[in-house]
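Everything on this sheet refers to the single structure shown next.
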Amino acid sequence: MKLGATATRAGRRFISSLPALFGVVVFTFLLMRVLPGDPAVFFASGPQAGPEEIAMIRKQMGLDKPVPQQLLLYLGDLSQGNLGRSLTTGQPVLADLRNRLPASLELTLTALLIALLTAVPLGIAAALRPGSAVDHLVRFICALGVCVPTFVSGLLLIYVFYYLLGLAPDPTGRIDIFLSQPPRITGFLLIDFALAGDWEGWSAAARQLVLPALTMALFVVAPLARMTRASMLASLGSDFIRTAKSLGLSSRKIIVTYALRNAILPVLTIAGIVFSTMLGANVLVEKVFSWPGVASYALDALLSSDYAPVQGFVLLMAAIFVFVNLTVDVLYGIADPRVSVE
Amino acid sequence: MTFHRTALLSLFLASAALPALAQTRAETLRHVTGASINTLDPNMPGSTREAFGLSLLTYDRLVSFGRKQLDGNWVFDLDTIRGELAERFDVSPDGLKITFHLRKDAKFHDGTPVTAEDVKWSMDRAVTARSLAAGQLLTGSITKADQFRIVDTHTVELTLPQPDKLALPNLATVYPVIFNSRLAKSKATAEDPWAQEWLKANTAGSGAYIIESFKAGETTILRRNEDWKRGPGNSQAHFKRIITQTIPEASTRANLVERGDADIVIDLQAVDAADLERKGKLKVISTPQYNAITFVSFNNQMPPFDKVGVRRAIAAALPYEDMFKAALFERGKRLYGATWADGKAPTGDTFPIVQPLKTNLAEAKRLLTEAGFPDGFSTTFSFNVGQAGTAEPMAALLKESLEKIGIKVDIQKLPDAQMSTLINEKKVPFFTEGIVAWLPSMDYFYRNFYIGPIRWNYSSLNDPKLTELAQAARFEGDKAKYAAYGLQLNTMHYELMPQIPLWQPSQDAVMAPSIEGYTYQFHRQIDFRDLSRK
Amino acid sequence: MTFLGSSATLRHTVWVLRGNPVTAVAAAGAFILCLLAIIGPSIVPYDPIASNVANALKPPSAQHWAGTDQLGRDVFSRLVVAARLDLAIALSAVSLSFAMGAVIGAICGYMGGRIDRYVGRFVDILMAFPLFVLAMAMVAALGNRVENIVIATAIINLPFYIRFARAEVNVRRNAGWVEAARASGDSHLSVILRFLLPNVLPAMAVQVSLNLGWAILNAAGLSFIGLGVKPPTPEWGIMVAEGARFIATGKWWLVAFPGLALMLTVLCFNLLGDGLRDILDPRMRT
Numbered sequence: 111m112k113l114g115a116t117a118t119r120a121g122r123r124f125i126s127s128l129p130a131l132f133g134v135v136v137f138t139f140l141l142m143r144v145l146p147g148d149p150a151v152f153f154a155s156g157p158q159a160g161p162e163e164i165a166m167i168r169k170q171m172g173l174d175k176p177v178p179q180q181l182l183l184y185l186g187d188l189s190q191g192n193l194g195r196s197l198t199t200g201q202p203v204l205a206d207l208r209n210r211l212p213a214s215l216e217l218t219l220t221a222l223l224i225a226l227l228t229a230v231p232l233g234i235a236a237a238l239r240p241g242s243a244v245d246h247l248v249r250f251i252c253a254l255g256v257c258v259p260t261f262v263s264g265l266l267l268i269y270v271f272y273y274l275l276g277l278a279p280d281p282t283g284r285i286d287i288f289l290s291q292p293p294r295i296t297g298f299l300l301i302d303f304a305l306a307g308d309w310e311g312w313s314a315a316a317r318q319l320v321l322p323a324l325t326m327a328l329f330v331v332a333p334l335a336r337m338t339r340a341s342m343l344a345s346l347g348s349d350f351i352r353t354a355k356s357l358g359l360s361s362r363k364i365i366v367t368y369a370l371r372n373a374i375l376p377v378l379t380i381a382g383i384v385f386s387t388m389l390g391a392n393v394l395v396e397k398v399f400s401w402p403g404v405a406s407y408a409l410d411a412l413l414s415s416d417y418a419p420v421q422g423f424v425l426l427m428a429a430i431f432v433f434v435n436l437t438v439d440v441l442y443g444i445a446d447p448r449v450s451v452e
Numbered sequence: 004m005t006f007h008r009t010a011l012l013s014l015f016l017a018s019a020a021l022p023a024l025a026q027t028r029a030e031t032l033r034h035v036t037g038a039s040i041n042t043l044d045p046n047m048p049g050s051t052r053e054a055f056g057l058s059l060l061t062y063d064r065l066v067s068f069g070r071k072q073l074d075g076n077w078v079f080d081l082d083t084i085r086g087e088l089a090e091r092f093d094v095s096p097d098g099l100k101i102t103f104h105l106r107k108d109a110k111f112h113d114g115t116p117v118t119a120e121d122v123k124w125s126m127d128r129a130v131t132a133r134s135l136a137a138g139q140l141l142t143g144s145i146t147k148a149d150q151f152r153i154v155d156t157h158t159v160e161l162t163l164p165q166p167d168k169l170a171l172p173n174l175a176t177v178y179p180v181i182f183n184s185r186l187a188k189s190k191a192t193a194e195d196p197w198a199q200e201w202l203k204a205n206t207a208g209s210g211a212y213i214i215e216s217f218k219a220g221e222t223t224i225l226r227r228n229e230d231w232k233r234g235p236g237n238s239q240a241h242f243k244r245i246i247t248q249t250i251p252e253a254s255t256r257a258n259l260v261e262r263g264d265a266d267i268v269i270d271l272q273a274v275d276a277a278d279l280e281r282k283g284k285l286k287v288i289s290t291p292q293y294n295a296i297t298f299v300s301f302n303n304q305m306p307p308f309d310k311v312g313v314r315r316a317i318a319a320a321l322p323y324e325d326m327f328k329a330a331l332f333e334r335g336k337r338l339y340g341a342t343w344a345d346g347k348a349p350t351g352d353t354f355p356i357v358q359p360l361k362t363n364l365a366e367a368k369r370l371l372t373e374a375g376f377p378d379g380f381s382t383t384f385s386f387n388v389g390q391a392g393t394a395e396p397m398a399a400l401l402k403e404s405l406e407k408i409g410i411k412v413d414i415q416k417l418p419d420a421q422m423s424t425l426i427n428e429k430k431v432p433f434f435t436e437g438i439v440a441w442l443p444s445m446d447y448f449y450r451n452f453y454i455g456p457i458r459w460n461y462s463s464l465n466d467p468k469l470t471e472l473a474q475a476a477r478f479e480g481d482k483a484k485y486a487a488y489g490l491q492l493n494t495m496h497y498e499l500m501p502q503i504p505l506w507q508p509s510q511d512a513v514m515a516p517s518i519e520g521y522t523y524q525f526h527r528q529i530d531f532r533d534l535s536r537k
Numbered sequence: 012m013t014f015l016g017s018s019a020t021l022r023h024t025v026w027v028l029r030g031n032p033v034t035a036v037a038a039a040g041a042f043i044l045c046l047l048a049i050i051g052p053s054i055v056p057y058d059p060i061a062s063n064v065a066n067a068l069k070p071p072s073a074q075h076w077a078g079t080d081q082l083g084r085d086v087f088s089r090l091v092v093a094a095r096l097d098l099a100i101a102l103s104a105v106s107l108s109f110a111m112g113a114v115i116g117a118i119c120g121y122m123g124g125r126i127d128r129y130v131g132r133f134v135d136i137l138m139a140f141p142l143f144v145l146a147m148a149m150v151a152a153l154g155n156r157v158e159n160i161v162i163a164t165a166i167i168n169l170p171f172y173i174r175f176a177r178a179e180v181n182v183r184r185n186a187g188w189v190e191a192a193r194a195s196g197d198s199h200l201s202v203i204l205r206f207l208l209p210n211v212l213p214a215m216a217v218q219v220s221l222n223l224g225w226a227i228l229n230a231a232g233l234s235f236i237g238l239g240v241k242p243p244t245p246e247w248g249i250m251v252a253e254g255a256r257f258i259a260t261g262k263w264w265l266v267a268f269p270g271l272a273l274m275l276t277v278l279c280f281n282l283l284g285d286g287l288r289d290i291l292d293p294r295m296r297t
């Protein structure tokens with residue numbers, strides 16, 4: 111009964127998010143056409159880069175038709191799962207995204223995990239003694255994390271840990287180039303290595319992950335810790351905690367079992383939002399660490415006015431955004447039956 | 004004692020295990036670059052320079068460039084053409100027929116022997132398919148399929164409409180690669196008779212290296228073709244494996260090569276190259292790109308730059324030396340600061356030549372007043388984001404200096420695609436750009452960069468006399484007469500000042516000290532077949 | 012209850028500041044920044060744009076406190092002068108999205124119905140975009156001028172303000188005092204402007220402070236990929252981005268000082284925002 115209601119609710123939410131996805135597709139399509147750069151000219155690098163070669167590339171990209179017709183054709187292609195071809199890599203966009211998405215996801219999830227493991231304890235510590243020195247310190251640490259641009263913290267981490275100290279592996283992507291890749295099952299190196307039982311490879315891949323994930327995590331500790339603190343405060347102030355206290359339960363038990371369990375739900379909601387933002391916003395981290403993810407792919411394409419990859423990337427990000435929100439919603443519904451069925 | 008022995012033993016074990024690993028590392032060359040490869044067929048419209056670089060390794064051509072020493076560095080030599088798939092070639096006395104005798108031992112990667120039929124098919128493809136090759140080959144009078152004739156299985160004959168100095172060099176460029184015609188034809192379709200779609204993602208060549216793995220925008224791993232013995236003295240390529248990785252951050256590339264994790268890199272920032280050279284741990288070969296020029300350019304059709312006086316005034320006002328220091332850290336060859344006896348060019352057989360340009364603000368002010376702008380004017384100066392590293396300091400200095408003669412400059416930094424679009428539409432009044440000629444002969448520069456409504460005619464020059472002289476020089480066989488044409492052209496260039504040549508930036512190849520044989524190549528990529536490790 | 016109006020609020024403010032020295036320090040920092048933005052250009056020791064190539068890339072010294080850059084310009088002077096532009100970009104971007112967001116959100120929350128649904132859809136679309144890429148695309152499309160950086164930053168912030176204002180107005184639209192105002196003959200517009208918005212603004216103002224820092228970082232990120240303000244205008248983001256090129260050669264001052272300026276500014280605004288929230292949000296009082 112309850113599950114059925116949740117499913118209905120999820121289905122309804124999904125359908126209601128479709129217009130937004132459609133809007134994203136159309137808006138991106140038009141935005142790319144407004145860009146003053148003509149990709150056909152940019153890629154016309156031949157010795158006689160005259161009108162003829164440009165016309166040739168324009169035809170190859172389907173840009174010789176009027177924009178409304180291009181849009182219809184694009185939507186038609188989309189419905190068949192064809193996202194077009196990238197001129198920057200020469201590959202179909204769908205294949206590129208499929209190859210690169212696991213890299214971005216693995217990095218983002220690791221960063222989110224690091225951030226949560228840091229933020230939740232910090233938030234709890236702050237909530238236990240609001241207004242104390244600990245509270246201020248936590249606030250300060252969090253504020254510190256968000257005030258350095260990611261490209262600066264990334265470059266500095268590389269300079270110190272790779273160049274000066276030699277502790278980190280060379281920042282050249284997901285794995286040491288001289289190690290062999292695991293058989294591709296999920297595309298997540300950590301999982302694939304584990305499945306293959308290659309623990310040497312696993313630790314190599316994990317080492318590559320540390321610096322970029324840290325760089326990203328620094329930036330999202332603050333909202334997570336802030337949310338943990340607020341929701342812990344609310345939870346600690348509620349009646350059942352007062353009851354538990356009056357019953358003489360140990361404070362450890364109260365905090366961990368009762369207060370935290372109730373406080374963690376809003377934190378996970380925020381984590382969902384943070385996750386989808388991070389995935390789209392880690393452009394610069396991927397760039398700095400030569401991480402072969404989807405965001406740096408879109409950046410390169412954008413700077414050369416290569417339409418198809420940017421459109422594909424934005425659509426992918428929007429779809430993930432919708433999916434994550436939906437998941438959070440469903441989880442919420444399961445965890446807290448009080449959430450109304452709209 | 005026991006401890007000691009165990010320690011020794013483990014030491015022994017370690018050293019026994021290490022050589023194998025060290026050996027594979029020694030046989031592998033790891034190259035890092037900021038850019039990426041977008042096609043395996045260099046003829047595809049939109050190919051990147053790195054894709055050109057790759058095709059030189061995976062495919063063979065009929066002929067290739069020799070090399071020469073220039074100011075102590077090895078560079079490609081336009082004037083020595085040696086056989087690659089052709090064992091030798093004969094040029095008829097009238098210069099109209101070139102006969103190529105193919106090597107009989109050459110095989111494609113799949114083991115099929117290379118025959119005249121493959122050459123014919125590949126050349127037909129080059130001149131007829133809608134690709135980049137046709138536009139290049141016509142600069143060497145190669146335009147039609149029927150110019151190529153199969154004489155026998157291992158002999159092909161090329162007929163030219165007139166003797167052309169650039170016919171053979173054109174065949175050494177990246178486009179006219181020899182495909183395995185049987186394989187390619189099997190992948191052709193009715194609407195794609197030249198298998199262009201398939202060849203974008205696959206190779207059908209006979210080159211020194213075979214692609215082991217290719218991830219666009221990430222890594223390319225090449226394996227040596229053991230059957231390829233077309234190096235100097237019929238040798239194989241030295242390195243068993245070549246790994247090329249895309250590392251977007253220039254400072255990271257510098258770190259990688261400095262720490263020995265990468266073996267070679269050619270696209271560092273000037274400041275990093277200078278620093279690594281100063282530290283002295285690595286081999287830094289700095290070659291001025293003698294087939295490239297960086298310009299400050301004007302659209303000669305757009306007021307006020309349609310006035311030669313304005314162009315010359317600006318040429319007199321640029322702070323050349325400061326720009327060279329701040330933008331390039333003096334890594335390159337200056338194209339300013341010469342003294343010409345009577346305002347006439349001293350030489351005519353080459354272009355570019357060092358110009359008699361000096362910073363002289365009083366002279367600039369005088370020229371500007373004479374041109375009718377005593378109070379100066381306002382304009383924009385554009386460059387693209389991709390070259391911001393050098394163009395930004397340059398633009399700031401230019402702005403400062405021009406302000407002193409009353410010209411107000413607003414700097415525009417444009418995304419690369421936008422800049423090329425505007426330039427192509429001839430809408431940018433004042434900007435900086437660079438040019439590169441694969442075949443750097445004097446007339447080639449004038450013909451390809453100063454004539455017609457093409458993208459590379461940055462200055463939008465349309466001067467009938469210059470056009471006529473350049474076309475006449477093209478087919479002039481007599482060296483003295485050719486130089487006479489050049490003398491006139493070079494002098495005209497200075498007098499008209501369609502754009503201001505600044506310098507030839509260096510290509511800084513930074514490599515492990517053990518790497519040898521580096522040669523600066525026409526396509527400004529590393530030809531890995533040249534390299535070896537001591 | 013108007014913004015920092017009554018003496019009770021003032022007393023509360025003083026009380027919070029006393030208990031929260033971090034906020035006090037942040038407020039002082041923000042004040043100094045604003046002061047620098049106003050008088051900076053007239054107190055710097057060097058012309059921030061004048062080059063001197065002979066003196067390029069010199070480390071910090073008594074003459075040049077923060078060293079010199081690639082063109083021999085004084086980094087310290089450039090930093091101080093840049094404060095004005097950076098604050099201006101951040102302030103105008105955030106106030107733009109604040110103003111637009113508050114008005115649109117309030118109208119939606121108050122009117123409900125079709126307008127609300129349409130705007131809601133638009134907000135959904137914006138929210139689903141990868142924001143930094145959207146900002147990049149907008150700046151690239153409009154041209155990289157200061158105004159466009161401001162507009163792009165404002166737009167990607169907009170959904171947040173619209174939602175916030177909408178939610179706050181929505182819960183109040185049927186409150187007794189709103190009904191009373193309507194009954195006494197006030198038009199819808201005047202109800203929104205005179206009664207609802209003033210009640211929503213304080214809570215939104217907290218977000219402004221937090222967002223200021225974020226807007227500065229956003230502009231810096233745009234500079235890093237080459238879509239920032241025009242050279243040779245001094246701006247922290249572009250200085251950091253340029254300085255980052257010199258990391259490998261150990262010219263640390265080029266990235267360290269602008270980075271520090273950026274960091275301290277963002278830190279000030281963030282801490283101030285946190286503090287403001289404590290002052291304005293009674294629920295957080297402990």
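Protein chains in written order, with the numbering used here: chain A, 111 to 452; chain B, 4 to 537; chain C, 12 to 297.
All residues carry an ideal CB built from backbone N, CA and C; glycine is no exception.
| query | result |
| --- | --- |
| Euclidean distance between Cα positions of GLY254 (chain C) and LYS262 (chain C) | 8 Å |
| Contact between the stretch 35–55 of chain C and the stretch 88–102 of chain C (3+ Cβ pairs under 8 Å) | yes |
| Same chain only: Cβ atoms within 6 Å of ASN387 (chain B), ignoring 5 sequence neighbours per side | LEU417, ASP419 and MET422 |
| Strand pairing of GLN415 (chain B), partner residues [DSSP] | B:SER385 |
| Cα-Cα separation, LEU163 (chain B) to ALA137 (chain B) | 15 Å |
| Whole-number beta carbon distance between GLU87 (chain B) and HIS104 (chain B), since they are thought to touch under 8 Å | With 8 Å as the limit, HIS104 (chain B) and GLU87 (chain B) do not qualify as a contact, their Cβ atoms being about 12 Å apart. |
| Residues of its chain near ASP286 (chain A), where Cβ-Cβ distance is below 8 Å and the 5 sequence neighbours each way are ignored | PRO279, ASP280, ALA314 and GLN318 |
| Limits of the alpha helix (DSSP H) - the one that VAL366 (chain A) falls within | Careful: VAL366 (chain A) lies outside any alpha helix (DSSP H) and carries neither H nor E. |
| Residues within the stretch 210–228 of chain A neighbouring chain B, beta-carbon criterion of under 8 Å | none |
| Cβ-Cβ separation, THR290 (chain B) to SER509 (chain B) (assumed contact under 8 Å), whole Å | 6 Å |
| Cβ-Cβ distance between ALA120 (chain A) and GLY403 (chain A) below 8 Å | no |
| C-beta contact flag for ASP93 (chain B) and THR102 (chain B) at 8 Å | yes |
| Residues sharing a beta bridge with LYS190 (chain B), DSSP | The partner list for LYS190 (chain B) (beta bridge, DSSP) is empty, contrary to what the question assumes. |
| Chain C contact residues for TYR442 (chain A), given Cβ-Cβ distances below 7 Å | Within chain C, no residue comes near TYR442 (chain A); the closest Cβ sits about 18 Å away, beyond 7 Å. |
| CB contact flag (ILE173 (chain C), GLY124 (chain C), <8 Å) | no |
| In DSSP terms, what THR3 (chain B) is bridged to | Nothing in the structure corresponds to residue 3 (chain B), since chain B is present only between 4 and 537. |
| Under the three-state DSSP convention, the category ALA120 (chain A) falls into | helix |
| PRO1 (chain B), enclosing alpha helix (DSSP H) - first and last residue | Nothing in the structure corresponds to residue 1 (chain B), since chain B is present only between 4 and 537. |
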